[in-house]
Structure formats: C-alpha cells, structure tokens
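Everything below concerns the one structure shown next.
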Amino acid sequence: MRDWWRALAELVLPGECAGCGAPRTVLCDGCRRAVRRGPPRPVRPRDAPAGLPPVWAAAPYADAVRSVLLAHKERGALPLAAPLGEALAGAVRAALGEDPAGEGGPAAARGAGARDRPVVLVPVPSARRAVRERGHDPARRIAVAAAGALRRSGTPARTAAVLRQRRAVADQTELDAVGRLANLDGALGLRPGARALLPADGRLLVVDDVTTTGASVAEAARVLREAAETKGTGVPFAAAVVAASPGFFV
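Read in order, the letters of the sequence shown correspond to residues 25 to 274 in this note's numbering.
In structure tokens form, the structure reads like this:
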C-alpha cells in the first residue's frame, strides 16, 4: 500500500528531476538521455573477483546517473524504474549480441539464431533489512521493467527472483573492494523451488542496478553456476547493469 501511494504522489506531484533538480518533472529529457548515454559497453572492475562473468553497463555511475539511481533506491522514486529498466534492457541486448536500441541492425543479426530462446534476468537481491527500510527491492523492480522493455522489442524475456540472502551482511557502501568480497562470500543462496524457474536452455543473465567492485554479481553468478552443476539449470553467461564505476569501462 505504501508503494502505491508513493508512486501516485510522484506521478501527480513530480516535484523535481531526480538527476539535476529541474522543477516539475520526475526525470528531465537531459537526464533521461544521460541514463541511456551512448551504446552500452563492457566493464571490468580492477582486481575483478573470481568467477565474475562478462558485465555490460549502460552508463557510468556518476553525476546525474548516480543521482537518479540513488533517488530510486533510497528515496523511493518508483516511476524512475521505467527509464532505468529501459537502460538495463539496452545493456542486456548488448550482452546478447543484439542491437542495444532494440531496432534491429547488424548486432541483432548476429544474435538472431538465439532470439527464440527465452531470456531470464536474475536480479541480485537486496538484504531483507534494506528491503524493509526502503519499502521495495530496487534491482528487482528495475529488472521487471527491463524484461517488459525487452518483450516490447521482440525479445522473449522474464525475471526470475530466485536468489536470497542466506545470512546477514553489512552495508556495502561502507566497505572497500576486499571488504565487499568477504562480506558477500557465501551470502547468497537459491530460494526454494528455484529450479523450476531456471530453464536449462534459456539465456541467463545476472542483473543489478549498479556495480562498483563486481562482488555482488560474482556471488550471484557463483550460486547460479552451482545450481547448473547440481540441478541441471542454465548457466549465467553474462551480467548487465544500469551503471558501473566510470574507470571500469573497457
């Protein structure tokens, strides 16, 4: 109920742009373009954690993009999930070898042989305490919006929120790269019944709103690989995020 009223308030009384503070709009045209700035590119964190799959990002995590992501995550600006989902969908298409804009072209032709196979987006889960405090799971909400954008452009996509926190973890924002790896080591596991949601022949991607060290994405990929070995599910071959640290773009 709280999410419904919050979303309604944002739509009726948009206030100011989440990226630059321009009045009377949730997201101005300039900041909307910044979120989808140029074609998505591969990123690789320095000292990337073991097991990190190839990662594609739509934009650098800086300036307006950072403000928009924080507004959605921490301030509950729920209408921002739609443009953020569009950006994530572009990163997913790039990871699949399809046209990031969803409009065909040479990249789409390269991925045409696999386009009939389902695309399954597995969001990195937020800690249960964080979900309670925020009133929503940001990565999951953006993943749902991205799956919708992919379907509208002809890519059969859905989300599978099959991961869960197995133990309490510290707030990642207070930790360096080494601390984040230790904090998340073994922290994730599969939800009961997850196998039925992970087809063996689907194109499986880990998705998140932002990556700064790759620790969360690597831990999620580890769990899914173990599921593939023991339960016969699909193997995550890539990851896609809305934004990544600016220095990590390849």
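We put the beta carbon where it would ideally sit given N, CA and C, even for glycine.
Quantities reported herein were computed from a predicted structural model and do not represent experimental measurements.
The beta carbon of Val-241 sits closer than 8 Å to those of Leu-76, Pro-77, Val-79, Val-148, Val-230, Asp-232, Thr-235, Ala-263 and Val-265, all from its chain and outside the five residues before and after it, given in chain order.
Per DSSP, the beta-bridge partners of Val-231 are Pro-147 and Ala-264.
Going by DSSP, Val-67 is part of the beta strand (DSSP E) stretching over 65-67. Using a Cβ distance threshold of 9 Å, Glu-243 and Ala-170 do not count as a contacting pair. Counting the other CB atoms within 10 Å of its CB gives Gly-54 a total below 16, which places it among the exposed residues. Contact check for Val-89 and Leu-51: beta-carbon distance about 11 Å, past the 8 Å limit, so the pair fails to qualify. The region 157-187 is shown to contain whole alpha helix (DSSP H) runs of 4 or more residues at 162-176, in chain order.
In the structure shown, Glu-243 adopts helical secondary structure according to DSSP, grouped into three states. Pairing Pro-180 with Pro-124 gives a Cβ-Cβ distance that is not under 9 Å. Look at the region 61-120 and you find these whole runs of alpha helix (DSSP H), each 4 residues long or longer: 87-98 and 105-120.
Residue Lys-255 holds the alpha-carbon nearest to the alpha-carbon of Ala-218 among Val-274, Lys-255 and Arg-68. In this structure, the alpha-carbon of Ala-224 lies about 20 Å from that of Ala-167. By DSSP's assignment, Leu-222 forms no beta bridge with any residue.
Apart from the 5 residues on each side of it in sequence, Arg-141 sits with its Cβ closer than 8 Å to the Cβ of Pro-180, Asp-225, Gly-226 and Arg-227 in its chain, given in chain order.
Across the structure, Thr-49 and Pro-103 are spaced so that their CA atoms are roughly 11 Å apart. Rounded to the nearest whole angstrom, the C-alpha separation of Val-67 and Ala-101 is 27 Å. In this structure, Val-146 lies away from Ala-105, with their beta-carbon atoms at least 9 Å apart. Taking 8 Å as the upper bound for CB-CB distance, Pro-84 and Ala-268 are in contact here, some 7 Å apart.
Bridge pairing for Leu-212: Gln-189 [DSSP].
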